[in-house]
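Down below is the structure, laid out as structure tokens.
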Amino acid sequence: MPLPRLLLDIDGVLIPFPTADGSTPPTHIRHTVLPTGRNPGDSVTIWLNPAHGPLLAGLLGSGLVAPVWCTSWRKDATTIIGPLLGLPEFPCLDLPRPQITTSHPNGYLWKRDHVSPWLGGDPVAWIDDDFTALDHTWAAERTARGNPTLLIQPDAYAGLQPPHLADAHTWAVQLWESSVPAEETSRCGHLPNDS
Ligand SMILES: [Mg+2]
């Protein structure tokens, strides 16, 4: 089985939504950034939790998943967000820029139309705040077909929490264990990158 993909969203996950009064979680530090295509002087303020860097790096360092950004930040995820969290560089999914006014123009997350063919049959843990019931049905059906699919959906106003990454890690360990013959796991006695 190929290494499971880990798809990672940013808005509502690493950058939680502000509350009605504009406040953001005290765990998050504000940064001023200039996304690609914006004029100098047209910068935007974002907020990131510095604890997310080591937490994510720990999961990525396990060697159990292959991370890919899946976000409307596109390449800026790799060049702006990742470095601010101290993350190693990893690729981003080349999403289009559809002219849509909702994240669910067909009742499910718009990204799925691009993620699904890109994945093929690969197993995936996908972290996004914006799944609908149709996405969860898609994941269950995909898993039933033998393509393990885990959707992790943080609250958009709270963002990513440590248990979300623990869930992804547990899922990846179980996949790894199920893909390796029992006598081999007992002989090796350790997971990939487990030193
Ligand atoms: Mg989002």
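Numbering follows full-length UniProt numbering, with no gaps: position 18 of the sequence shown is 18. Here a beta-carbon is modelled for each residue, glycine too, at the ideal position from N, C-alpha and C.
Under the 10 Å beta carbon count, PRO16 is surrounded by 16 or more other beta carbons and is classified as buried.
Here the alpha carbons of ASP128 and VAL180 stand approximately 29 Å from one another.
Three or more pairs of CB atoms, one per stretch, sit closer than 8 Å, so the region 150 to 168 contacts the region 45 to 56.
Relative to LEU109, the option among GLY121, LEU95 and LEU134 whose CA is nearest is LEU134. Taking the Cα of GLN99 as reference, the smallest distance to any Cα among VAL124, SER62, GLY121 and SER72 is reached at SER72.
What you get when you keep residues with a C-beta closer than 6 Å to any heavy atom of ligand 1 is ASP9, ASP11, GLY12, VAL13, ASP128, ASP129 and ASP130. When DSSP states are grouped into helix, strand and coil, THR71 belongs to the coil group. Under the DSSP assignment, TRP110 falls outside any beta strand (DSSP E); it carries neither an H nor an E label. C-alpha of LEU48 to C-alpha of VAL65: approximately 23 Å in a straight line. Per DSSP, the continuous beta strand (DSSP E) segment holding ALA125 begins and ends at 124 to 127.
Residue environment for ARG74: buried (at least 16 other C-beta atoms within 10 angstroms of its C-beta).
Linking THR132 to PRO18 through their CA atoms gives a straight-line distance of about 21 Å. Rounded to the nearest whole angstrom, the C-alpha separation of ALA77 and GLY61 is 19 Å. Per the C-alpha coordinates, the member of VAL44, THR79 and GLY146 positioned closest to PRO4 is GLY146. A residue is called buried when at least 16 other Cβ atoms come within 10 angstroms of its Cβ; ILE29 does not meet this threshold and is exposed.
For PRO50, the closest of ALA168, THR27 and TRP69 by C-alpha to C-alpha distance is THR27.
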